[in-house]
Amino acid sequence: SFSIDRTLAGIDLIVYQANEVNIMQIRTKFLSTVVLIAVVLSSVMPGVSAQADSRLTIGIPSDPVTLDIHEVLATASAQIMFHLGATLVAIDPISGEYVPYLAETWSVSDDGLVWEFKLREDVVFHDGTPLTAEAYAWTINRVLSAEDPNQYRAVKLMVGNIEQAIVVDSYVLQLKMKNPDTTILSALRSTWLQPLSPTAVESAGDDYRLNPVGVGRYKFKEWLPGEKLVFERFDDYSWGPAFTSGGPAH
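Heads up: take any position in the sequence shown, counting from 1, add 5, and you land on my numbering.
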């Protein structure tokens, strides 16, 4: 997905067009630029086109069921939500190494039971609230504390070895593990584990699944079920991994 992310310079809107799978229309007076973007994108994602109004349109066969990433089960829906969020770590596509993203640094205890992450202090959610260790711990503990075994099922598989997320201070998050787990970084780079805004989730209640809030390069604009789902550029975004352009999609 980062290969797509790096081609988004100049794209103001991402439009997921429902009930379409072969959108390849190009309408622009800047034909050569848009053709290049369209060719790169279409090579990694079918049904993609770029347009002169800085709009990337992607055809999808049907609507997502929900926009609450914790409720998402289908990989296709998770790929859509990728644009909305970010993760603690990322993988550099060249070196294959884990690199900082929302976490500046991290460490693990000698016994492998405590992972500690120092968060960036400049990250804000699309609703303007800051990303803190409290928000990240709340996100993870929301999944861990769900009593219904079927609730947040996909995410529970990823965090099943986490006993608790703990706030050390405003920007230091600890994950206490049930058993040593060398695969936890792989889970933490998943779209499913992007942080949620507690303020947005709690204020929206059940409607949050229709109005998601994240910390990603794009923010939710509108969802017309059966027609389209639109994300717009988040101009405050400046915390992308070093191997991407880092800032908003200008």
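Each residue gets a CB set at the ideal place from its N, CA and C atoms; glycine is no exception.
Decide if Q156 is buried, meaning its Cβ has at least 16 other Cβ atoms within 10 Å, or exposed. Here residue 156 refers to the residue found at position 151 when the sequence shown is read from its first residue. Looking at its Cβ environment, which holds fewer than 16 other Cβ atoms inside 10 Å, Q156 is exposed.
What residues are listed by DSSP as bridge partners for S112? Numbered from 1 along the sequence shown, position 107 holds the residue referred to as residue 112. Beta-bridge pairing links S112 to E121.
Just curious, the alpha helix (DSSP H) that W143 is in, first and last residue? Position 138 of the sequence shown, counting from 1, holds the residue named residue 143. From DSSP, the alpha helix (DSSP H) with W143 extends over 138 to 149.
Check Q84 in the structure and name its three-state DSSP category. For the purposes of this step, residue 84 is taken as the residue at position 79 of the sequence shown. Helix.
Assuming P203 is part of the alpha helix (DSSP H), what are its boundary residues? As a working note, residue 203 is residue 198 in the sequence shown. Where P203 is concerned, the enclosing alpha helix (DSSP H) stretches over 203 to 209.
I'd like the span of the beta strand (DSSP E) that includes I63, first residue to last. Translated into the one-based positions of the sequence shown, residue 63 becomes position 58. Start and end: 60 to 65.
Give the straight-line distance between the Cα atoms of V3 and P217, rounded to the nearest whole angstrom. Because the chain in this structure spans residues 6 to 255, residue 3 falls outside the shown range and cannot be described.
Should L61 go down as buried or exposed, given a rule of 16 or more other Cβ atoms within 10 Å for buried? Within the sequence shown, residue 61 is the residue found at index 56, counting from 1. L61 is buried by the Cβ-count criterion.
Status (buried if at least 16 other CB within 10 Å, exposed otherwise) for K224: Locating residue 224 in the sequence shown gives position 219, where the first residue counts as 1. Buried, since its Cβ has 16 or more Cβ neighbours within 10 Å.
In terms of alpha-carbon separation, which member of N166, T187, V160 lies closest to T196? For this step, residue 196 is matched to residue 191 along the sequence shown. Nearest of N166, T187, V160 to T196, Cα basis: V160.
Within the chosen definition, does the stretch 125 to 132 reach the stretch 158 to 172 through at least 3 CB pairs nearer than 8 Å? no
Smallest Cα separation from E237: which of I96, I85, A209? Counted from its first residue, the sequence shown places residue 237 at position 232. When each option's Cα is compared against that of E237, the closest is I85.
Could you check whether the stretch 208 to 222 touches the stretch 70 to 85, counting it as contact only if at least three pairs of C-beta atoms, one from each stretch, sit closer than 8 Å? yes
Since L162 is in the alpha helix (DSSP H), which residue starts that stretch and which ends it? The count along the sequence shown starts at 1 and reaches residue 162 at position 157. Run containing L162: 158 to 164, per the alpha helix (DSSP H) assignment.
In terms of DSSP beta bridges, what is K181 paired with? Counting from 1 along the sequence shown, the entry for residue 181 is found at position 176. Its beta-bridge partners are V119, Q169.
Whole-angstrom distance between S67 and I19, CA atom to CA atom: Within the sequence shown, the letter at position 14 stands for residue 19. Within the sequence shown, the letter at position 62 stands for residue 67. Whole-angstrom Cα-Cα distance: 16 Å.
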